[in-house]
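In our numbering, the protein residues as written are 22 to 145.
C-beta atoms are modelled at their ideal positions from N, C-alpha and C, and glycine is treated no differently.
To start, the structure itself, in C-alpha coordinates.
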(Lines of atoms letter the chains of each structure in order from A and count residues from 1; the text may use other names and numbers.)
(Lines give C-alpha, C1' and ligand atoms only; values in the text may rest on other atoms or scores of the structure.)
Protein backbone atom coordinates (compact mmCIF):
# COMPACT_ATOMS: atom_id res chain seq x y z
CA UNK A 1 0.00 0.00 0.00
CA UNK A 2 2.86 2.42 0.77
CA UNK A 3 4.37 1.81 -2.67
CA UNK A 4 1.05 2.65 -4.33
CA UNK A 5 0.59 5.83 -2.26
CA UNK A 6 4.12 7.05 -3.03
CA UNK A 7 3.69 6.26 -6.73
CA UNK A 8 0.44 8.23 -6.81
CA UNK A 9 2.11 11.11 -4.96
CA UNK A 10 4.90 11.30 -7.53
CA UNK A 11 2.50 11.06 -10.46
CA UNK A 12 -0.06 13.58 -9.19
CA UNK A 13 2.31 16.25 -7.87
CA UNK A 14 4.90 16.22 -10.65
CA UNK A 15 7.85 15.69 -8.31
CA UNK A 16 10.61 13.33 -9.40
CA UNK A 17 10.61 11.04 -6.40
CA UNK A 18 9.39 10.48 -2.85
CA UNK A 19 9.85 8.34 0.21
CA UNK A 20 8.23 7.43 3.52
CA UNK A 21 10.08 6.71 6.75
CA UNK A 22 8.86 5.87 10.25
CA UNK A 23 10.60 6.50 13.53
CA UNK A 24 10.94 3.99 16.36
CA UNK A 25 12.67 6.60 18.52
CA UNK A 26 13.96 10.12 17.91
CA UNK A 27 17.23 8.64 16.62
CA UNK A 28 16.04 5.39 15.03
CA UNK A 29 14.08 5.29 11.81
CA UNK A 30 13.20 2.89 9.03
CA UNK A 31 12.82 3.86 5.39
CA UNK A 32 9.58 2.11 4.46
CA UNK A 33 9.66 2.93 0.76
CA UNK A 34 11.52 5.14 -1.71
CA UNK A 35 10.30 5.62 -5.26
CA UNK A 36 13.81 5.63 -6.73
CA UNK A 37 17.50 5.62 -5.92
CA UNK A 38 17.74 9.38 -5.50
CA UNK A 39 14.90 9.45 -2.95
CA UNK A 40 16.65 6.65 -1.06
CA UNK A 41 20.01 8.48 -1.16
CA UNK A 42 18.39 11.71 0.09
CA UNK A 43 16.83 9.86 3.01
CA UNK A 44 20.03 7.99 3.91
CA UNK A 45 22.12 11.17 3.65
CA UNK A 46 20.00 12.98 6.22
CA UNK A 47 20.32 10.23 8.78
CA UNK A 48 24.03 9.75 8.15
CA UNK A 49 24.71 13.49 8.54
CA UNK A 50 22.11 14.12 11.25
CA UNK A 51 20.64 17.10 9.38
CA UNK A 52 18.00 17.73 6.76
CA UNK A 53 14.36 18.61 6.14
CA UNK A 54 12.88 15.21 6.99
CA UNK A 55 14.56 15.16 10.38
CA UNK A 56 13.31 18.66 11.13
CA UNK A 57 9.79 17.89 9.84
CA UNK A 58 9.69 14.99 12.27
CA UNK A 59 11.34 16.81 15.20
CA UNK A 60 9.22 19.94 14.97
CA UNK A 61 6.04 18.40 13.50
CA UNK A 62 6.02 21.02 10.77
CA UNK A 63 6.37 20.81 6.96
CA UNK A 64 9.75 21.74 5.46
CA UNK A 65 9.27 23.19 1.97
CA UNK A 66 12.41 24.24 0.14
CA UNK A 67 12.11 25.33 -3.47
CA UNK A 68 15.85 25.98 -3.86
CA UNK A 69 18.30 24.00 -1.77
CA UNK A 70 21.29 25.62 -3.43
CA UNK A 71 20.83 28.81 -1.44
CA UNK A 72 18.80 30.55 1.18
CA UNK A 73 17.44 28.92 4.30
CA UNK A 74 18.05 25.31 3.28
CA UNK A 75 21.75 25.85 2.61
CA UNK A 76 22.18 27.83 5.83
CA UNK A 77 20.35 25.26 8.01
CA UNK A 78 21.79 22.10 6.49
CA UNK A 79 25.02 22.93 4.67
CA UNK A 80 26.32 19.35 4.46
CA UNK A 81 22.96 17.93 3.45
CA UNK A 82 22.38 20.61 0.79
CA UNK A 83 25.79 20.02 -0.78
CA UNK A 84 25.25 16.25 -0.94
CA UNK A 85 21.72 16.43 -2.32
CA UNK A 86 22.68 18.90 -5.02
CA UNK A 87 25.23 16.32 -6.11
CA UNK A 88 22.40 13.79 -6.54
CA UNK A 89 20.67 16.20 -8.93
CA UNK A 90 17.90 17.35 -6.60
CA UNK A 91 17.06 21.07 -6.69
CA UNK A 92 14.04 21.15 -4.36
CA UNK A 93 13.08 19.13 -1.29
CA UNK A 94 9.83 18.80 0.62
CA UNK A 95 9.18 16.97 3.89
CA UNK A 96 5.90 16.53 5.74
CA UNK A 97 5.46 15.00 9.20
CA UNK A 98 3.17 12.02 9.53
CA UNK A 99 1.31 12.51 12.77
CA UNK A 100 4.00 13.81 15.10
CA UNK A 101 5.90 10.84 16.51
CA UNK A 102 5.24 8.48 13.59
CA UNK A 103 7.50 9.54 10.72
CA UNK A 104 7.68 11.68 7.60
CA UNK A 105 6.85 11.77 3.92
CA UNK A 106 9.27 13.49 1.61
CA UNK A 107 9.69 14.40 -2.02
CA UNK A 108 12.22 16.00 -4.31
CA UNK A 109 12.38 17.60 -7.73
CA UNK A 110 15.37 18.03 -9.98
CA UNK A 111 13.71 20.87 -11.89
CA UNK A 112 13.28 24.44 -10.75
CA UNK A 113 10.45 24.67 -13.33
CA UNK A 114 8.01 22.31 -11.60
CA UNK A 115 5.61 24.11 -9.24
CA UNK A 116 5.69 23.21 -5.55
CA UNK A 117 3.37 20.27 -4.86
CA UNK A 118 0.23 21.26 -3.06
CA UNK A 119 0.31 20.74 0.69
CA UNK A 120 -2.99 18.88 0.53
CA UNK A 121 -1.74 16.38 -2.06
CA UNK A 122 1.46 15.68 -0.12
CA UNK A 123 -0.43 15.20 3.16
CA UNK A 124 -3.04 12.76 1.86
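Segment limits, alpha helix (DSSP H) that includes residue i
i, result
"residue 58", "58 to 70"
"residue 100", "100 to 109"
"residue 78", "74 to 81"
"residue 28", "23 to 34"
For residue i, the first and last residue of its enclosing beta strand (DSSP E)
i, result
"residue 51", "49 to 55"
Candidates the options, of which the one nearest residue i by Cα
i, options, result
"residue 96", "62, 60, 114, 49", "114"
"residue 44", "27, 91, 37, 68", "68"
"residue 54", "27, 100, 106", "27"
"residue 24", "48, 52, 46", "52"
"residue 48", "80, 58, 62", "80"
"residue 109", "131, 116, 98, 88", "131"
Close-in-space but distant-in-sequence residues of the same chain around residue i (CB under 8 Å, 5 per side omitted)
i, result
"residue 31", "37, 38, 39, 56, 128"
Contacts around residue i, its chain only, beta-carbon distance under 7 Å, and the 5 residues preceding and following it disregarded
i, result
"residue 19", "Beyond the ends of the chain as shown, which are 22 and 145, falls residue 19; an answer cannot be given."
"residue 107", "90, 91"
Sequence-distant residues of its chain with Cβ nearer than 6 Å to residue i (five each side left out)
i, result
"residue 50", "42, 44"
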